[in-house]
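Participant:
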Amino acid sequence: MRTYKEPEPRSHASWCNDLGLVCKGKGCYTNQVLTYDEFCFLPDTILVKAKEAPLYGFWRKYGDVYGEPRTVKEWLEDLTLQIVEPLTEQDKQDCHLFLGYDEFWIWSSGKIAL
4 MRTYKEPEPR SHASWCNDLG LVCKGKGCYT NQVLTYDEFC FLPDTILVKA KEAPLYGFWR
64 KYGDVYGEPR TVKEWLEDLT LQIVEPLTEQ DKQDCHLFLG YDEFWIWSSG KIAL
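Per our numbering, residue 4 is the first one in the sequence shown, and the count goes up by one each step.
#1: For the beta strand (DSSP E) containing Val-87, list its first residue and its last residue.
#2: Shortest alpha-carbon distance to Lys-76 belongs to which of Val-36, Asp-94, Leu-37?
#3: I'd like the span of the beta strand (DSSP E) that includes Lys-27, first residue to last.
#4: Are the CB atoms of Leu-117 and Trp-110 nearer to each other than 8 Å?
#5: Would you grab the beta carbon distance between Pro-10 and Leu-58 for me? Rounded to a whole angstrom, and I think it's under 8 Å.
#6: Go ahead and label Lys-52 buried or exposed: buried means 16 or more other beta carbons lie within 10 angstroms of its beta carbon, across all protein chains shown.
#7: In angstroms, rounded to a whole number, what distance separates the CA positions of Tyr-104 and Gly-113?
#8: Alpha carbons only, please: which of Ile-49, His-15, Val-25 is nearest the one belonging to Phe-107?
#9: Considering only their Cβ atoms, is the gap separating Glu-71 from Gly-23 smaller than 8 Å?
#10: Would you kindly work out how many angstroms separate the C-alpha atoms of Lys-27 and Pro-89, rounded to a whole number?
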């Protein structure tokens, strides 16, 4: 149960714009109106944070620490983890990937120091 009211459903393009994300993949061009969760976990898509936007991070205003998708860099900071050196070019690019909690742990397998 969330401790805050989710933003109103909107189109995929509106979510990307309002959250400052860029979408890559097959599901990016849907005109369907989506809830926040539907947008964040749309199959066959990759979301990358590209800019600061007013809606990005709304969940943190209400005390969420672990539940909502965020960038790899933010997950690393929030969980006080570090990428095992050496940092590859792909790892540097991946720091802007917007991932859910489970997706983050899959991505981080073998890449972080516990």
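Yeah, the Cβ is synthetic: ideal placement off N, Cα and C, and Gly gets one too.
Facilitator: Let's see:
#1: For the purposes of this step, residue 87 is taken as residue 84 along the sequence shown, with counting starting at 1. Careful: Val-87 lies outside any beta strand (DSSP E) and carries neither H nor E.
#2: By 1-based counting over the sequence shown, the position of residue 76 is 73. Each of Val-36, Asp-94, Leu-37 was checked against the Cα of Lys-76, and the nearest Cα belongs to Asp-94.
#3: The count along the sequence shown starts at 1 and reaches residue 27 at position 24. Where Lys-27 is concerned, the enclosing beta strand (DSSP E) stretches over 24–28.
#4: In the sequence shown, counting from the first residue as 1, residue 117 sits at position 114. In the sequence shown, counting from the first residue as 1, residue 110 sits at position 107. When the beta-carbon positions are compared, Leu-117 and Trp-110 stay at least 8 Å from each other.
#5: To locate residue 10, count along the sequence shown from 1; it is residue 7. To locate residue 58, count along the sequence shown from 1; it is residue 55. Between Leu-58 and Pro-10 the Cβ distance is about 6 Å, and since that is below 8 Å, they are a contact.
#6: Residue numbering aside, residue 52 sits at position 49 when the sequence shown is read from its first letter. Buried: at least 16 other Cβ atoms inside 10 Å.
#7: Walking along the sequence shown from the start, residue 104 turns up at place 101. Walking along the sequence shown from the start, residue 113 turns up at place 110. Going by the C-alpha atoms only, they are around 16 Å apart.
#8: Working through the sequence shown from its first residue, we reach residue 107 at position 104. Here the closest residue by C-alpha is Ile-49.
#9: Looking up residue 23 in the sequence shown gives position 20. Looking up residue 71 in the sequence shown gives position 68. For Gly-23 and Glu-71, no; Cβs fall outside 8 Å.
#10: In the sequence shown, residue 27 corresponds to position 24, counting from 1. In the sequence shown, residue 89 corresponds to position 86, counting from 1. Distance between the alpha carbons of Lys-27 and Pro-89 is about 27 Å.
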